[in-house]
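Student:
There are 2 protein chains.
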Amino acid sequence: MRGWVDADEPVLASVISLTRELADPVRLTALQLLSAEGPHTLTQLADALGVSAPRLGNHLARLRTAGLVTVEHTGRHAVYRVASPGLGEVLSALAHYAHADLAVRPGRPSTPDDVAHTCYDHAAGRLGVAVLGTLVERGALRPPDGRDGSLALGGDPAAFAELGVDLTTVDARRRKLATACLDRTHRVPHLGGALGKAVLDALLARDLVRAHEGTRELTVTPKGAAELPTLLPAFTTP
Amino acid sequence: MRGWVDADEPVLASVISLTRELADPVRLTALQLLSAEGPHTLTQLADALGVSAPRLGNHLARLRTAGLVTVEHTGRHAVYRVASPGLGEVLSALAHYAHADLAVRPGRPSTPDDVAHTCYDHAAGRLGVAVLGTLVERGALRPPDGRDGSLALGGDPAAFAELGVDLTTVDARRRKLATACLDRTHRVPHLGGALGKAVLDALLARDLVRAHEGTRELTVTPKGAAELPTLLPAFTTP
DNA sequence: TTCACCTTTAAGGGAGTCGTGAAAGGTGGT
DNA sequence: ACCACCTTTCACGACTCCCTTAAAGGTGAA
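Quick note, the sequences are listed as chains S and Y, same order. Counting in full-length UniProt numbering, the first sequence runs from 1 upward without gaps. Counting in full-length UniProt numbering, the second sequence runs from 1 upward without gaps.
#1: Inspect the beta-carbon positions of L33(S) and L182(S) and report whether they are closer than 9 angstroms.
#2: Could you check the C-alpha separation between S92(S) and R187(S) for me, to the nearest Å?
#3: Looking only at C-alpha atoms, which of L12(S), E37(S) and D24(S) sits nearest to residue 240(Y)?
#4: Heavy atom of the ligand ADP less than 8 angstroms from the Cβ of S84(Y), yes or no?
#5: If you follow the beta strand (DSSP E) that L218(Y) is part of, which residue opens it and which one closes it?
#6: For V89(Y), go through chain S and note every residue whose CB falls closer than 8 angstroms to its CB, in chain order.
#7: Spatial neighbours of G38(Y) within its chain, please: C-beta separation below 8 angstroms, excluding the five flanking residues on both sides.
#8: When the Cα atoms are used, what is the spatial distance from residue 239(Y) to L31(S)?
#9: Taking 9 angstroms as the CB-CB limit, is H186(Y) close to chain S?
#10: If the cut is a Cβ gap below 7 angstroms, which residues of chain Y does G3(S) touch?
#11: Measuring alpha carbon to alpha carbon, tell me which residue in A172(Y), R142(Y) and G224(Y) is nearest A36(Y).
#12: For A116(S), which of T215(S), L56(S), A48(S) and L18(S) has the nearest alpha-carbon?
#13: P238(S) by DSSP, collapsed to three states: which one?
#14: Cα-Cα, which of A23(Y), V71(Y) and R175(Y) is closest to A83(Y)?
#15: Distance cutoff 9 angstroms, beta carbons only. Does E37(S) sit that close to anything in chain Y?
#16: Below 8 angstroms on the Cβ atoms is my contact criterion, and I expect A194(S) with R175(S) to pass it. Report the Cβ-Cβ distance as a whole number of Å.
#17: So is V104(S) buried or exposed if we call it buried at 16+ other beta carbons inside 10 Å?
#18: Given that R20(S) touches chain Y, what residues does it touch there, using C-beta distances under 7 angstroms?
#19: Whose CA, out of T41(S), H40(S) and D6(S), lies closest to the CA of R27(Y)?
#20: I'd like to know if the segment 220 to 227 of chain S and the segment 154 to 163 of chain S are in contact, where contact means that at least 3 CB-CB pairs between them fall below 8 angstroms.
#21: May I have the straight-line CA-CA distance separating L208(Y) from V199(Y), to the nearest angstrom?
#22: I'd like the span of the beta strand (DSSP E) that includes G196(S), first residue to last.
#23: Assuming the contact rule is C-beta atoms closer than 8 angstroms, A98(S) and S14(Y) should be a hit. Round their C-beta distance to whole Å, please.
#24: Give me the residue from R184(S), T65(S), S17(S) and A100(S) with the minimum Cα distance to G3(Y).
#25: Going by beta-carbon coordinates alone, are G139(S) and H190(S) separated by less than 9 angstroms?
#26: Just the Cα atoms here: how many angstroms apart are D114(Y) and E21(S)?
#27: Using only the alpha-carbon positions, how far apart do D171(Y) and V165(Y) sit?
#28: Using a Cβ cut-off of 9 angstroms (strictly closer), state whether L33(Y) contacts chain S.
#29: What's the C-alpha gap between G192(S) and E89(S)?
#30: Can you look up Y120(S) in the DSSP assignment and give me helix, strand or coil?
#31: Taking 9 angstroms as the threshold (beta carbon to beta carbon), is T29(Y) in contact with chain S?
#32: Write down the C-beta distance between T29(Y) and L49(Y) rounded to the nearest angstrom, noting that I regard them as a contact closer than 8 angstroms.
#33: Using a 10 Å radius around the Cβ and a threshold of 16 neighbouring Cβ atoms, would you call I16(Y) buried or exposed?
#34: For D156(S), which residues of its own chain have a beta-carbon under 8 angstroms away from its beta-carbon, when the five flanking residues on both sides are left out?
#35: Which of the three DSSP states, helix, strand or coil, is assigned to V71(S)?
#36: Excluding sequence positions up to five away, which residues of its chain have a Cβ less than 7 angstroms from the Cβ of A95(S)?
Written out as structure tokens, the structure is:
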């Protein structure tokens with residue numbers, strides 16, 4: 001009987017290969033962006049990540065041979081996509097563990113605006129992540145799968161009504177209805193697009209959170225502290 | 001605004017640290033065993049993995065400084081444990097992705113006895129993994145958390161009855177009632193102990209699977225192929 | 001105390017990885 | 001045809017990681 005540590009075990013070798021690909025800041029962040037926000041061109045990714053094109057290109061070549069991303073050449077652009085939608089679950093499991101670990105370990109405590117802040121006109125931070133998580137959990141939105149930056153509506157829109165959002169009044173003509181937006185601090189997608197704005201407006205109108213002039217920070221009101229945990233089960237305030 | 005690739009981002013740094021610790025066969029398998037089957041002594045682990053003690057010790061030292069395992073010295077033994085139960089979800093997410101990836105990629109097809117075989121007196125392979133997965137999903141068993149090798153019963157025993165197991169007749173005096181047993185091929189725990197035997201006996205009695213002399217292989221009968229997918233939603237036959 | 005055992009640490013060499021810089025295909029527009 | 005641009009590859013130096021070997025703490029039993 002072979003031992004447990006055997007490079008010929010297919011599943012073990014596959015997991016090791018996967019973790020080695022994920023164990024680099026550039027590759028990991030590239031995959032997080034592709035998985036959450038959909039396809040990107042090489043230069044789009046390089047600009048977003050803030051790294052040089054050759055540096056990213058080397059990493060993308062690795063990811064391509066590892067089978068984690070696919071590339072499609074159109075003209076002089078190379079469009080990269082995650083090869084499998086299932087990668088999102090791995091990435092969120094890693095981010096979730098890391099986040100819980102940071103809260104426990106005496107490392108760095110979460111920054112103040114970690115709780116909630118605005119990202120353009122929608123909510124980011126733990127609040128924004130909890131919004132998307134709850135809507136997906138409740139079946140109101142389909143989870144991001146890396147095929148597209150826009151999120152599709154799910155079968156059960158009840159969760160929107162509970163958040164105070166009337167879907168019929170959301171104007172989706174001038175911008176996408178719902179987009180996944182990778183949260184910079186949590187490394188997990190939050191809700192953007194017209195729906196993201198509508199949800200934040202509803203939370204502000206019900207005085208659950210409050211915005212402040214000149215800053216992107218959002219503070220949770222006492223009313224919000226009482227109601228948000230039941231409204232957004234994923235929004236736990238440790 | 002800092003770029004996305006920034007080693008000062010706490011969550012990014014934490015994920016990278018985690019993936020680097022997981023990106024080694026010895027460390028990964030050690031964590032899988034500790035997470036699924038509970039605490040182990042260093043030599044227990046070294047024997048199970050088939051590696052030398054110093055080799056494992058160096059890796060455990062890394063895992064300790066990374067905060068992934070804890071050690072408790074009792075006498076001349078060092079008992080290692082996973083530091084956080086949440087690690088199991090990361091490990092199963094990785095194994096799940098790797099398994100699905102192997103099925104798609106033209107790598108190696110799953111070995112025949114990958115479907116189902118016996119591990120001592122209980123079922124292993126995809127069948128055994130699906131049994132534990134379904135029982136945990138249904139609330140009949142609590143998921144393994146690395147604190148102990150034995151599994152605790154959950155609140156809803158209905159799933160046992162559906163599998164044809166009468167809990168009152170399971171003899172848990174001579175051995176542990178339920179244990180998590182890391183599946184060698186799938187790298188995910190399956191159900192062992194007296195309950196594992198009882199479930200396999202029930203499946204055999206109902207002629208859903210069939211055992212064969214002289215081999216550990218289990219074959220799914222036509223009746224099993226019809227009923228098992230509804231009985232065990234996780235047991236998909238690709 | 002002495003011995004056997006378990007555990008941990010450390011040094012050294014070999015292998016692998018990463019970033020930079022330069023340069024080479026290709027494509028579309030002028 | 002020429003140029004600007006996007007993409008990809010490659011080589012080199014610096015760095016990290018990993019296994020082996022050896023040896024050093026500590027503990028419990030005789």
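All residues carry an ideal CB built from backbone N, CA and C; glycine is no exception. The model shown is predicted, which means the values in this text are computed figures rather than measured ones.
Tutor: According to the data block:
#1: Reading the first sequence from its first residue, position 33 is the one you call residue 33(S). Reading the first sequence from its first residue, position 182 is the one you call residue 182(S). In this structure, L182(S) lies closer than 9 angstroms to L33(S) by Cβ.
#2: The sequence position of residue 92(S) within the first sequence is 92, counting from 1. The sequence position of residue 187(S) within the first sequence is 187, counting from 1. Between S92(S) and R187(S), the C-alpha separation is close to 8 angstroms.
#3: No answer is possible for residue 240(Y): the residues shown for chain Y start at 1 and end at 238.
#4: Of ligands this structure carries none, so the ligand ADP is not represented either.
#5: As a first step, residue 218(Y) is located in the second sequence; it is residue number 218 there, counting from the start. It spans L218 to V220 - the beta strand (DSSP E) in which L218(Y) sits, taken as one unbroken run.
#6: Translated into the one-based positions of the second sequence, residue 89(Y) becomes position 89. What sits at residue 89(Y) in the sequence shown is Glu, not Val. Taking the beta carbon of E89(Y) as reference, the chain S residues within 8 angstroms of it are A93, H96 and Y97, listed in sequence order.
#7: As a working note, residue 38(Y) is residue 38 in the second sequence. The answer, listed in chain order, is R81, P144, G146, R147, D148, G149, S150 and A180.
#8: Because chain Y spans 1 through 238 in this model, residue 239(Y) falls outside it and cannot be assessed.
#9: Position 186 of the second sequence, counting from 1, holds the residue named residue 186(Y). Closer than 9 angstroms to the CB of H186(Y) there is at least one CB belonging to chain S.
#10: Taking the first residue of the first sequence as position 1, residue 3(S) is located at position 3. Correct list: L49 and G50.
#11: For the purposes of this step, residue 36(Y) is identified with residue 36 of the second sequence, where counting begins at 1. Measuring from the Cα of A36(Y), the nearest candidate turns out to be R142(Y).
#12: One-based indexing of the first sequence puts residue 116(S) at position 116. Closest in C-alpha terms to A116(S), from the list T215(S), L56(S), A48(S) and L18(S), comes T215(S).
#13: To locate residue 238(S), count along the first sequence from 1; it is residue 238. Note that P238(S) has pLDDT 44, beneath the 50 cutoff, so the model's placement of it is unreliable and the number below is only indicative. It is coil, neither helix nor strand.
#14: For the purposes of this step, residue 83(Y) is taken as residue 83 along the second sequence, with counting starting at 1. Checked all of A23(Y), V71(Y) and R175(Y); the closest Cα to A83(Y) is V71(Y).
#15: Looking up residue 37(S) in the first sequence gives position 37. It does not; no Cβ of chain Y falls within 9 angstroms.
#16: Locating residue 194(S) in the first sequence gives position 194, where the first residue counts as 1. Locating residue 175(S) in the first sequence gives position 175, where the first residue counts as 1. Their Cβ separation, rounded to whole angstroms, is 5 angstroms, which keeps A194(S) and R175(S) in contact under 8 angstroms.
#17: Position 104 of the first sequence, counted from the start, is the residue given in the question as residue 104(S). So V104(S) counts as exposed.
#18: Here residue 20(S) refers to the residue found at position 20 of the first sequence. What R20(S) touches in chain Y: A23.
#19: Along the second sequence, read from residue 1 onward, the residue named residue 27(Y) stands at position 27. Selected option, being the one with the closest Cα: D6(S).
#20: Counting Cβ pairs under 8 angstroms, fewer than three are found: no touch.
#21: As a working note, residue 208(Y) is residue 208 in the second sequence. As a working note, residue 199(Y) is residue 199 in the second sequence. Distance between the alpha carbons of L208(Y) and V199(Y) is about 11 angstroms.
#22: Position 196 of the first sequence, counted from the first residue, corresponds to residue 196(S). Note, G196(S): premise wrong, no beta strand (DSSP E); alpha helix (DSSP H) at G193 to A205.
#23: The residue given as residue 98(S) occupies position 98 in the first sequence. The residue given as residue 14(Y) occupies position 14 in the second sequence. Indeed, because the Cβ distance is near 4 angstroms, the residues count as touching under 8 angstroms.
#24: In the second sequence, residue 3(Y) corresponds to position 3, counting from 1. Out of R184(S), T65(S), S17(S) and A100(S), R184(S) has the C-alpha closest to the C-alpha of G3(Y).
#25: Sequence index remark: in the first sequence, residue 139(S) carries index 139 (1-based). Sequence index remark: in the first sequence, residue 190(S) carries index 190 (1-based). Their beta carbons are not under 9 angstroms apart, which means G139(S) does not touch H190(S) by this criterion.
#26: Start at 1 with the first residue of the second sequence, and residue 114(Y) comes out as number 114. Start at 1 with the first residue of the first sequence, and residue 21(S) comes out as number 21. So the two alpha carbons sit approximately 26 angstroms from each other.
#27: Locating residue 171(Y) in the second sequence gives position 171, counting from the first residue. Locating residue 165(Y) in the second sequence gives position 165, counting from the first residue. Roughly 12 angstroms between the two C-alpha positions.
#28: Within the second sequence, the letter at position 33 stands for residue 33(Y). At least one chain S Cβ lies under 9 angstroms of L33(Y).
#29: As a position in the first sequence, residue 192(S) is number 192, starting the count at 1. As a position in the first sequence, residue 89(S) is number 89, starting the count at 1. Cα-Cα distance, rounded: 20 angstroms.
#30: Numbered from its first residue, the first sequence carries residue 120(S) at position 120. Three-state DSSP puts Y120(S) in coil, outside helix and strand.
#31: In the second sequence, the residue the question calls residue 29(Y) occupies position 29. In terms of beta-carbon proximity, T29(Y) lines the interface with chain S, with at least one pair separated by less than 9 angstroms.
#32: Position 29 of the second sequence, counted from the first residue, corresponds to residue 29(Y). Position 49 of the second sequence, counted from the first residue, corresponds to residue 49(Y). Confirmed, about 6 angstroms.
#33: For this step, residue 16(Y) is matched to residue 16 along the second sequence. Under this definition I16(Y) is a buried residue.
#34: Here residue 156(S) refers to the residue found at position 156 of the first sequence. The answer, listed in chain order, is R138, G139 and A140.
#35: Numbered from 1 along the first sequence, position 71 holds the residue referred to as residue 71(S). Note: V71(S) maps to strand in three-state DSSP.
#36: In the first sequence, the residue the question calls residue 95(S) occupies position 95. H186, R187 and V188.
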